[in-house]
Amino acid sequence: MKKLLSLMLAVMMIASVLAGCGKTTTTEPEASTAPEASTAPEASTAPEASTAPEASTEPEAPAEPMILRWGADSEPTGFDPHTVSEEASLRVIPQLYETLLGQDENLNYYGELAESWEVAPDGLSYTIKLREGVKFHSGNEMDAEAVKYSFERVLGRTEAGDIGAFGSKATYFGNIDTIEVVDKYTVKFNLTTVTSVFLSNLCSNYGAIVDPAVVKENGDLMRADGGTGPFKLDEWMPNNYVSVVKFEEYWDADRVKLDGITYYLVGDEAARLAALRTGEVHISTLSASNVQAAAKEENLTVASYQTSNYIAIGLNASTPALQDKNVRQAICYAIDRQNVIDIVFSGEAIPTHIIPPSTGHWSVPLEKYDLYTTNVEKAKQMMEAAGYNENNRLTLKVAAGLLDSIRQTAVVVDQQLDPIYVDFEIVNLESGEYVDVWYKMGTPEAGFDAMVVQDGSGTDPNRGIGMFFTTDGSASVFGFSNARVDELCELALATADEPTREAYYNECQDIIIDDAGKIGVASPMAYFVISKDLQGFVPTLADSSNYRDAWLEN
Amino acid sequence: MDHLLEIRNLSIDLPRGKKLPPIKLVEGIDLDINKKQNFGVVGESGCGKSITCNAIMGLLSYPLKVGKGSSIRFQNSNGKEQEIVGMAPQELCKIRGNEISMIFQEPMTALDPMYTIEQQINEALSFHTNLTKAEMHDASLEMLKKVKIPRAEEILRDYPHHLSGGMLQRVMIAIALINNPRLLIADEPTTALDVTIQAQILDLMNELRESYDTSVIMITHDLGVIAETCEHVAVFYAGQVVEEASVVDIFHHTAHPYTEGLLRSVTSLGNAKKELYTIKGMVPSAGNFSTGCRFADRCDRCMDKCKTECPPLVEIETGHKCRCWLHIDGAVEEA
Amino acid sequence: MRNYIIRRIIQLLPVLFGISVLIFAVMKMIPGDVISGILGIEATEELRHQLEVKFGLDRPYIVQYLDWISGVFIGDFGESIRTGNPILPDIMQRMRVTAELAILSAVISWIIAIPLGIVAAVKRNTWVDRFVRVFALLGVSVPGFATCICVILALSLMFNYYSPLGFVFFVDDPMLNLEMIILPALINGFSISGSVMRMTRSSMLEVLRQDFIKTVRAKGASEKVAIFKHAFRNAMIPVVTLIGMQIGSLLGGGVIMEQIFSLPGLGQLAVTAINQRDYPVVQGCTLVIAFIFVIVNLITDLLYAFIDPRISYN
Amino acid sequence: MRRFGQTIKDLWRDPMARVCIVGIFLIILTAVLAPVIAPYQPDHMIAAPKSAPAKDYLFGTDNYGRDVFSRVIYGARVSLWVGLIAVGIGAGAGYVVGMIAGYFEGWTDTVIMRIMDILFAFPSILLAILISTVLGRGLGATMVAIGIVNIPVFARTVRASVIAAKGLEYVKNAQSVGVKTVYVLIRHISPNVIAPFTVQSTLALSGAILTEAAMSFLGLGIQPPDPSWGSMLSEARAFMEQAPWMVIFPTIFIVITILLFNVLGDSLRDVLDPKLKL
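Chains as they are written, first to last, in the working numbering: chain A, 1 to 554; chain B, 555 to 889; chain C, 890 to 1203; chain D, 1204 to 1481.
Here is the structure:
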């Protein structure tokens, strides 16, 4: 018996030695979960510094540090504001970095790192007066040189060369010609062409101001922290938690009440709901159906806002059967958007075409398009006219994956198209494959005839239409190409006058919707399930991760 | 009680669930074994001889049980009489290997392959004595010498699979005798061995019996072994003792027809050429023994009475019992 | 024995080599690539090419493989394409989490399974035996993640309890660490105890019928000695084989368990890396997991000789 | 095949085994007659999503509003099919490989067992992804993936019992008498291999059904909308609180099926293993 016990111990010793070695520091970043490639970065999420209601009772600092515990559903890949695009990272970046301007809930600009700004009459140059005495987390002072370096880094004009930054595109800062340092706190941007969206782009985290010294020292900002934001990066335990702590010398420090935020990875939704209920986590995101369960809890509230994302079905232009516009329009007619919303989003979403209503006046009202009023009978006639009937049905190979909402929409729409002789052969791709197929969706190599996607059209149509529907738009993957639309987008970009831009974009929407190559379905809400202890946090479309005014009751 | 062991009305049951009555594999066994006596138990395989002896040691394997009304009384070394049937397990453990010990038929699988020979011998000592390790080592070494095992020192360190059948049987004998038991039960000790080794083992057992004043129950189906080693013999048939007598009476004044049949079917140099005699018919299976004499349908002198009524075991002469109507006077009609 | 070990270690090399070739081929065969993952939707052609050159993905496969495998020999598993970190330290850190969960689950399963397996064999066909067999079957048949979720929900609904978040290593804060890992270890332990229990019962039944058990009893040994010292020792070989296999797979990291309890283990790392087509990380993970498997197998085989004198390797 | 008939007769006597045989027969029957038994098509949306069990949908509806009862019945078809074929592949190949490795020892044994080590050491999830990528997703890929993952386990179990069996007396005798190797393998060694092999195949079967669930959890297994118990379970995970019946009924069916197979495995072992008569 003695021999047996010693043997057991031996096995355990070996295993624990094996586990013991390799004690490393905890700040080792980690590969993240699937990139949210299709939900392109929210151009609009810039920190908002409008005058939030002054907190009535100033809570005196409790003995224990006030740490907000966030229940994250996925793992960030890194925190470089200029290159990273996943939702998980985009939650943390606004805490670390700030931009020159910000946008409040009714989309008006306010100065963040900029004190004031003026636009030259010809619209080709912008002069920005910086706020003085603002410090980076590294202790260096934020000045015009740092702003110049930040934008040149995005445009690939620094020694690091092209870092694959989204901001370098024409739709963002591509047409910045030169950046002049007028004096220590004044920067002048000279543009090659008039860009009406320049100010709005300055609010996006692609325009974040970074500390040149930190970038030079670390090569990139995936793990290093070169920001000026209210919190600085403290610790990152890959696949487990990321913690940020209060930045003492923040320029608006007295406004920040939290001592730190820790984003815990709780991948499983049911586990997140349980963590919220027991108060182990103060705030988290849940899918529509679980949000209703959380709303019933007396210690939880639900804050939601209408996103500018939309679920759509992209049809592969190279598929022979789909080249017939009548077939595409028939599919558009047959879709019952309210049914999809009831099932997939538990009724909490709004029907939409390719520009969601949440973008306000830019989006043409849905009622204007007959195609978007469900009419199965008409769809059936159109399909029969195109030669389809009960024993000659159209089978489409449909790619889905990445998000539950995408997978479920595919199943529901497949059911809806049954009466008009269309069958979906749904394949749930795993995230890496999904992204790969997404690129080829306009070509036969994709191997799929259609794909259900969730795209983010941002707050400005230049992105919503320019990026997704112009012939060489970087997200125009479904093979849609229309000369008129390309021309209209260029014109719209070149004029600063809002009404004329709106007219141009409306005409674009008419053409794109009539083509029905990409059929919008629904624009979901974004939910934050928040513990009642958390006060002072009001998420909006413009800014959904601003905790400067937040504090914890107990 | 002057006997070493008294078995009275021993029966062994095979339970068949709650509803059905259990099958009686062995029934009404009465045996007495004296001190220093060589008691032979003979019978075809399956006649219940080994399970009877297992019952003596309380080693009946699952699901067999000793029947009601059975009694096995044993006089241990300090003269106290003990009833083995129903004895508490701890008490039984004190007797096994110390007062009564046993050796088995299959030496190759009778020892635990995981432990050395020394460990397995010392274990027998450790249960019944509180010798130190060194003392145990010497005792085992000395015991191995007694059973004439060459290179005893090395053999102690070997494992069972290193040794031959004969050697292993010697080790078994060493283990059995090391605590100087009063009774040794040998369950067909030589059946698995080839003839030359068989003779050596039997000589060894006879020799040791002198120095250990142990009485031996020799279970075998080989009448040659009986003749060579036993003084008194009991013949088993279909779960009953059909004849018990001194070895001389069994061979020369056989009373029971079955014993007669057994003797005639033994090949001896004399009748090598003649066709071998075999007892006709088959041994009845345990479930359906006839109420009469169980040998009736195979007995060529069977009478009507044999079929209907089971003859009792009667002492037809001093020290010679037989279970057959032929020998119970008055029961025989004039043929 | 010693040169047997050396021989077995030499035999490991082709196995590990085989695995490295297989995993390298796998990663090349899987559709989708890491570049599109990094660049997201706004990748341009020349940008993709630039990154491919930067990570050396444009070189012929053979060159890439040799470059990687030569690095492995000197302990440099290369950097992760997604995060640029050195891979080995990262894997080792994850290994500590997975190893801790594996050992705890294994020990818990032994504590549950082996005694019950023995009792079921000794008290055959009694109510104890039936209870144990059903208990073991429940362990085997209830799907892992269903149990986890039910337990989490039940605890949060009834006791308003959720295990603490933010993994802490045992060295840093033993109590907190144990509180975090005890729940998954218990569920994991329970589910793998089923098969160990059945195997223990089955092999104990076979051994208890052997002749030497009767000899041991004839020597006057008590039931306890006969069962534990002799019967169990002989019944160990198939049980050790099964345990070896289980520990091997446990150390491979239970993805579902790690994901639900958000434990930063090796399984989670491997599957995340697969999703992002992060080749070096996946290759690194597979090699480390495979190395552990092979070592555990070797230990299991050596245990045979250690337990059973009939098996010797010299 | 006289032995097979005999085994079934022996099995029939054990009450527990009788229950299992009837149970398994019923489940197979449900799977085969799914279109007849199931009140609705598995992918038809018949009522409001996530409604509780009621008269016309016994097991309630899932998050699409489809009838869980019909999906469970159609799911039986898939899960059983995956389980049986996968274990068939794994057990069959594993048996042959194990026999050869165990019997011929020496060089063949080392080579075979090293290949088994490679397959065994390979994390099963990755192996599943590889195979489902090569063969394309869906039923076929899942079956082959789970089958291949099982081969090393069977090979190892069979090899262990063959080595043990070779040590036995009567096998040596058969060899010494010059009995042809194949005959020795089948006639003498395989009865000893049957017991652990049966136990292993019942465990593998339960493992196969659970692995299918894990694979559909990762999106690799059965593609929507056709149901399998595993995919139903992983889909229902997120709705555990509002619609517990979506999880409960597939889990019950999985647990029952695996219980039946395992108990049958035990009784089969008792019947097949010659030494275990009493």
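Glycine included, every Cβ here is placed at the ideal spot set by N, Cα and C.
Going by DSSP, what residue range makes up the beta strand (DSSP E) through residue i?
i: A:G564; result: With chain A running from 1 to 554 in the structure shown, residue 564 of chain A is simply not present.
i: A:W117; result: A114 to V119
i: A:V538; result: A:V538 -> no beta strand (DSSP E), and no H or E assigned at all.
Using alpha carbons as the reference points, say which of the options lies closest to residue i.
i: C:L955; options: C:F913, C:T1015 and C:Q1165; result: C:F913
i: C:P903; options: D:M1319, D:V1222 and D:K1375; result: D:M1319
i: B:G719; options: B:T745, B:D741, B:I583 and B:Y766; result: B:T745
i: B:D776; options: B:E598, B:Q673, B:K590 and B:N592; result: B:E598
i: C:I1184; options: C:R983, C:R897 and C:A1035; result: C:R897
i: A:D428; options: D:I1227, D:L1467, D:L1423 and D:R1216; result: The amino acid at residue 428 of chain A is misidentified as Asp; the sequence shows Asn. Nearest option by C-alpha distance: D:L1423.
i: A:K148; options: A:I335, A:L100 and A:L403; result: A:L100
i: A:V281; options: A:Y97, A:D533 and A:W70; result: A:W70
i: A:Y527; options: A:S544, A:G520 and A:E507; result: A:S544
i: A:V291; options: A:N546, A:S531 and A:L541; result: A:S531
i: C:Y1193; options: C:Q1148, C:S1138, C:L1152 and C:V1129; result: C:V1129
i: B:M759; options: B:P617, B:V725, B:D748 and B:F790; result: B:V725
i: B:N733; options: B:H786, B:R711, B:A678 and B:G602; result: B:A678
i: B:L830; options: B:L717, B:G815 and B:R855; result: B:G815
i: C:C1039; options: A:D268, A:K380 and A:D183; result: A:D268
Leaving aside the five residues before and after residue i along the sequence, list all residues of the same chain whose C-beta is less than 6 Å from its C-beta, in chain order.
i: A:M566; result: Since the first and last residues shown for chain A are 1 and 554, residue 566 of chain A lies out of range.
i: A:E348; result: A288 and M525
i: A:D514; result: none
i: B:Q629; result: L558 and E635
i: A:T127; result: E118 and K188
i: A:E58; result: Interpretation of A:E58 is limited by its pLDDT of 49, a score under 50 that renders its predicted location unreliable; the figure taken from the coordinates is listed afterwards. No residues qualify anywhere along the chain.
i: D:A1304; result: D1312, I1315, M1316 and R1362
i: C:F966; result: I976, L977 and G1173
i: D:N1395; result: S1364 and A1368
Please go through the same chain and pick out, in chain order, the residues whose beta-carbon is closer than 7 Å to the beta-carbon of residue i, but skip the five residues on each side of it.
i: B:M611; result: R650, I654, M656 and I739
i: A:D486; result: T470 and T471
i: B:S625; result: R562, N563, E637 and V639
i: A:A293; result: L273
i: B:P667; result: Y713, P714 and H715
Tell me the DSSP bridge mates of residue i?
i: A:M451; result: A:G314 and A:A399
i: B:A740; result: B:I657 and B:M772
i: C:Q1099; result: Answer is none; C:Q1099 lacks a bridge partner.
i: B:F843; result: Paired residues: none, contrary to the question.
Let's see if you can read the secondary structure: which residues bound the alpha helix (DSSP H) around residue i?
i: C:M918; result: R891 to M918
i: C:A1009; result: I976 to V1011
i: B:G594; result: Here B:G594 belongs to no alpha helix (DSSP H); instead the beta strand (DSSP E) covers N592 to V596.
i: D:Q1244; result: Premise fails: D:Q1244 is in no alpha helix (DSSP H) and is neither H nor E.
Leaving out five residues before and five after residue i in sequence, what residues of the same chain have Cβ atoms less than 8 Å from its Cβ?
i: A:A55; result: The predicted position of A:A55 is uncertain, since its pLDDT is 44 and thus under 50; no value can be drawn from it.
i: A:V84; result: P76, T77, G78, L90, I93 and M222
i: A:K23; result: Only weak support exists for where A:K23 lies, its pLDDT of 34 falling under 50; the value from the coordinates is given anyway. Correct list: empty, nothing qualifies.
key: Three or more C-beta pairs below 8 Å linking the stretch 471-489 of chain A and the stretch 222-236 of chain A   = no
key: the stretch 435-455 of chain A touching the stretch 393-410 of chain A, judged by at least three CB pairs closer than 8 Å   = yes
request  = Give a yes or no on contact between the stretch 1082-1097 of chain C and the stretch 1142-1152 of chain C, applying the rule of three or more CB pairs nearer than 8 Å.
outcome  = no
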